[in-house]
Amino acid sequence: MKTEIIETKNWQGMDLDCSSCPSFGSHCRLMEACVEDRYAKRIDRFFDWNPGTAKNYLGHPYFEVRAVAAKHVEVELLPLLMSDRDETVRWSVALRLPINYLIEMRSDPDREVRIRVAARLDERNIGSMLDDLDYFVRQIVARRMPVRFLTLMMNDPDREVRKIVALRIGDEWLDKMLVDEDPMVRLEVVRRIHPTRLPLLIDDEDWRVRYEVAERIGTAYLKRFTLDFDEAVRDMALSRLAREGNNGKN
Numbered sequence: 001m002k003t004e005i006i007e008t009k010n011w012q013g014m015d016l017d018c019s020s021c022p023s024f025g026s027h028c029r030l031m032e033a034c035v036e037d038r039y040a041k042r043i044d045r046f047f048d049w050n051p052g053t054a055k056n057y058l059g060h061p062y063f064e065v066r067a068v069a070a071k072h073v074e075v076e077l078l079p080l081l082m083s084d085r086d087e088t089v090r091w092s093v094a095l096r097l098p099i100n101y102l103i104e105m106r107s108d109p110d111r112e113v114r115i116r117v118a119a120r121l122d123e124r125n126i127g128s129m130l131d132d133l134d135y136f137v138r139q140i141v142a143r144r145m146p147v148r149f150l151t152l153m154m155n156d157p158d159r160e161v162r163k164i165v166a167l168r169i170g171d172e173w174l175d176k177m178l179v180d181e182d183p184m185v186r187l188e189v190v191r192r193i194h195p196t197r198l199p200l201l202i203d204d205e206d207w208r209v210r211y212e213v214a215e216r217i218g219t220a221y222l223k224r225f226t227l228d229f230d231e232a233v234r235d236m237a238l239s240r241l242a243r244e245g246n247n248g249k250n
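If you count by full-length UniProt numbering, then the sequence shown holds residues 1 to 250, one letter each, in order.
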């Protein structure tokens with residue numbers, strides 16, 4: 001298969017001129033590793049070969065150079081790029097920035113930056129992002145929040161966030177989530193809650209919830225489910241009754 005050759009142009013679309021490059025004489029090679037190339041992989045390879053030069057490019061006009069330099073520069077220099085005008089640079093910074101600085105990026109205007117921040121914040125600080133405007137950021141928070149604080153997210157406006165909460169919250173709070181407006185959240189609760197609490201959802205409006213209830217509820221309630229409106233729920237109840245009957249004969 002023929003390999004595509006990506007032309008060597010600088011970030012302004014002009015032909016590269018090694019004679020005018022300030023890095024000329026370093027370990028660089030056209031079409032392979034060049035800090036002035038507009039192609040990010042060649043920039044990255046240049047810094048792989050010359051990691052000590054990264055600090056010299058934190059103010060480069062091309063955002064890709066600054067973003068790649070942030071991957072290689074000494075950690076103590078990263079705060080210089082926390083407010084960079086380009087979100088790609090801030091993404092790169094958020095992946096390596098020490099936690100004591102990272103908390104200052106919790107309100108970054110770009111969701112991708114905040115996603116990276118939420119993925120790295122420690123337990124002491126992750127809760128400060130539970131009201132983030134972006135649902136995916138809050139999903140990350142719900143996955144990483146200490147369990148004892150998940151009650152603060154039980155009423156999150158996003159269904160997927162509440163599903164994560166239902167999967168992780170302490171058993172003592174599951175009853176309160178049985179009344180969630182979304183059947184997919186209630187379904188997650190039904191799968192975890194103690195069987196003695198399942199009668200609370202016998203008449204749930206969603207067949208998927210009733211099916212899960214019929215699969216786990218005590219046998220004394222199964223006859224009721226054999227009259228359910230949904231065929232799958234009826235079949236589940238009948239199947240369990242048949243199994244219980246066979247077990248009683250053995």
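Glycine is no exception: its CB is placed at the ideal position from the N, C-alpha and C atoms. Fair warning: this is a prediction, and the values are worked out from it, not measured in the lab.
For His60, the CB contacts under 6 Å within the same chain, skipping 5 residues up- and downstream, are Arg66 in chain order.
The region 27–97 is shown to contain whole alpha helix (DSSP H) runs of 4 or more residues at 40–49, 63–72, 87–94, in chain order. Under the DSSP assignment, Met154 falls outside any alpha helix (DSSP H); it carries neither an H nor an E label. Exposure of Asp131 is indicated by the presence of fewer than 16 other C-beta atoms within 10 angstroms of its C-beta.
Straight-line measurement puts the Cα of Ala142 at about 6 Å from the Cα of Val165. Within its own chain, the residues whose Cβ lies closer than 7 Å to the Cβ of Phe63, once the five positions on either side in sequence are excluded, are Asp86, Thr88, Val89, listed in chain order. Note on Arg124: under 16 other CB atoms within 10 angstroms of its CB, so exposed under the neighbour-count rule.
Cβ contact annotation for Pro98 (same chain, cutoff 7 Å, sequence separation greater than five): Val75, in chain order. In chain order, Arg106 place their CB closer than 7 Å to the CB of Ser128, counting only its own chain and leaving out the 5 sequence neighbours on each side.
Taking a contact as a CB-CB distance under 8 Å, the pair Val73 and Ile43 does not count as one, their CB atoms being some 13 Å apart. The three-state secondary structure of Arg116, taken from DSSP, is helix. Judged by beta-carbon spacing, Leu238 lies beyond the 7 Å limit of Thr219, meaning their Cβ atoms are not closer than that value.
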